[in-house]
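Report on one structure; see the data block that follows.
There are 2 protein chains.
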Amino acid sequence: MPNLTDYIEEYIKKMLALSSDQCIEVKRRELAGKFSCVPSQINYVLERRFSPERGYLVESRRGGSGCIKIYRINGEQAKILQELIEDACKNSYDSERLRQLIERMREEKIISRREAAILEVVTGKDIYEALGLNPEQSIELRHRIFKEALHKLIKPGY
Amino acid sequence: MPNLTDYIEEYIKKMLALSSDQCIEVKRRELAGKFSCVPSQINYVLERRFSPERGYLVESRRGGSGCIKIYRINGEQAKILQELIEDACKNSYDSERLRQLIERMREEKIISRREAAILEVVTGKDIYEALGLNPEQSIELRHRIFKEALHKLIKPGY
DNA sequence: TTGAATCTGACCTTCTCTGACCAATATTAT
DNA sequence: ATAATATTGGTCAGAGAAGGTCAGATTCAA
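So the sequences go chain by chain: A and B.
Positions 1 to 158 (my numbering) are the ones given, in order, by the first sequence.
Positions 1 to 158 (my numbering) are the ones given, in order, by the second sequence.
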């Protein structure tokens, strides 16, 4: 009944549960070997079942003794991230609201201080007003930028 | 899991930490001997892990009693960024040019991949075109956003 | 039956490591 | 002094070892 992807997912989750720090390291080839499948199957599983949206982070290194690291980001963080994305995608926050969101993301360590700094600058109203955009355009643009940036950041691989 | 390069990097960093003045001197052969590898491996490590972009400076002297000096430097990144910014500020780069600049900064490790992703999104032309801005406004805005974001990043503390 | 999820394989990129050969500098012999 | 030699470090191409990507085949479920 369950398929290969399910088994691999289950296996990884067990490993994570056994790990002390919510973080495991695997070799793609080895793991694939353990399930007698092609290595890229592992990528598929990671993409589908261990995405940021589901509360996981994946990092990897190529080359000799390369590996794949899988982190569980704490449930709170994951929830906040989802909220933020949904929120931000619904509709136009004013610049103060956006600023608060960014601040919160930084506090929750979803983004770094530098990333927050960039986002604050590019979603601040000063830039747009100085250019003679009307308020509607300005809000729309900030909103758009924020959304796009967030989408980029939660993409697998980032 | 760590590989030879990691070990050598770690060793050098420990030495640096122990040094009083953020500067150490090593013999390439000796160091290679300590890790049972070929001498050029040391060059590889220095190139990959102790680049200026990562905040290090390497000097060497050949010949009898030659040696390699490794310094930890501060503020070098800021200098590189300053130059880039000045260039970008003088010449109003188009979106492709900006993209290349961002790419280069990422390659040089001045900004992270995530930071690069944000910058690429916010300076890409797609966002502005969809909003019906005329080309001049669009260019001006991208330019401004890029400048502001970078200025923020090189502020002390970032 | 049809569209989404799963799975495979061919090909690609990145990182590491080695070895042969090159370049520079100090030391020693003449 | 000058030339020869020894001692260092530098460069580069290539092999090998991971992991990544993507299109297409297959399977599954509505």
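Ideal Cβ positions, reconstructed from N, Cα and C, are used throughout, including at glycine.
As the structure is a prediction and not an experimental result, all values here were calculated from the model.
Any C-beta of chain B under 7 Å from that of residue i
{"i": "LYS152 (chain A)", "result": "yes"}
{"i": "ARG104 (chain A)", "result": "no"}
{"i": "PRO156 (chain A)", "result": "Caution is warranted here: a pLDDT of 44 is assigned to PRO156 (chain A), below 50, making its placement in the model unreliable, and no coordinate value can be reported."}
{"i": "GLU59 (chain A)", "result": "no"}
{"i": "ALA149 (chain A)", "result": "yes"}
{"i": "SER51 (chain A)", "result": "no"}
{"i": "SER65 (chain A)", "result": "yes"}
{"i": "ILE145 (chain A)", "result": "yes"}
{"i": "ILE127 (chain A)", "result": "yes"}
{"i": "ILE139 (chain A)", "result": "no"}
Beta carbon proximity, residue i to chain A, threshold 7 Å
{"i": "ARG142 (chain B)", "result": "no"}
{"i": "ASN134 (chain B)", "result": "no"}
{"i": "VAL121 (chain B)", "result": "yes"}
{"i": "ARG99 (chain B)", "result": "no"}
{"i": "GLN43 (chain B)", "result": "At residue 43 (chain B) the sequence reads Asn, which differs from the Gln that was named. It does not; no Cβ of chain A falls within 7 Å."}
{"i": "ALA117 (chain B)", "result": "yes"}
{"i": "ARG72 (chain B)", "result": "no"}
{"i": "ARG114 (chain B)", "result": "yes"}
Cβ distance (whole Å) where residue i is taken to contact residue j below 8 Å
{"i": "ILE118 (chain B)", "j": "LEU119 (chain A)", "result": "7 Å"}
{"i": "ILE73 (chain A)", "j": "LEU57 (chain A)", "result": "6 Å"}
{"i": "LEU4 (chain A)", "j": "PHE35 (chain A)", "result": "6 Å"}
{"i": "VAL121 (chain B)", "j": "ALA149 (chain A)", "result": "5 Å"}
{"i": "LEU153 (chain A)", "j": "ARG114 (chain B)", "result": "6 Å"}
{"i": "ILE68 (chain B)", "j": "ARG29 (chain B)", "result": "The pair is not a contact, with the Cβ atoms about 10 Å apart (cut-off 8 Å)."}
Nonlocal neighbours in the same chain, by C-beta distance under 6 Å from residue i, ignoring five residues either side
{"i": "LEU46 (chain A)", "result": "VAL58"}
{"i": "ARG48 (chain A)", "result": "none"}
{"i": "ASP126 (chain A)", "result": "none"}
{"i": "ILE42 (chain A)", "result": "ARG28, LEU31, ALA32"}
Spatial neighbours of residue i in its chain, beta-carbon cut-off 7 Å, leaving aside the 5 residues before and after
{"i": "GLY124 (chain B)", "result": "SER95"}
{"i": "ARG106 (chain B)", "result": "ARG113, ALA116"}
{"i": "SER19 (chain B)", "result": "none"}
{"i": "ILE145 (chain B)", "result": "VAL122, THR123"}
{"i": "CYS37 (chain B)", "result": "LEU4"}
{"i": "PRO39 (chain B)", "result": "ARG28, ARG29, ALA32"}
{"i": "ARG61 (chain B)", "result": "CYS67"}
Residues of its chain near residue i, where Cβ-Cβ distance is below 8 Å and the 5 sequence neighbours each way are ignored
{"i": "TYR128 (chain A)", "result": "GLN137, SER138, LEU141, ARG142"}
{"i": "LEU133 (chain A)", "result": "LEU141"}
{"i": "LEU16 (chain A)", "result": "GLN22, CYS23, ILE24, ILE70, ARG72"}
TODO: Could you tell me whether the stretch 59-72 of chain B touches the stretch 11-31 of chain B, where touching means 3 or more Cβ pairs closer than 8 Å?
DONE: In this structure the stretch 59-72 of chain B touches the stretch 11-31 of chain B; the number of beta carbon pairs closer than 8 Å is three or more.
Task: Whole runs of the alpha helix (DSSP H) within the stretch 90-144 of chain B, excluding any shorter than 4 residues - done: Listed in chain order, they are 95-107, 113-123, 125-129.
- [ ] Run through the stretch 8-77 of chain B for me and flag every whole beta strand (DSSP E) of 3 or more residues, listed as ranges in chain order.
- [x] Qualifying beta strand (DSSP E) stretches, in chain order: 23-26, 56-61, 67-72.
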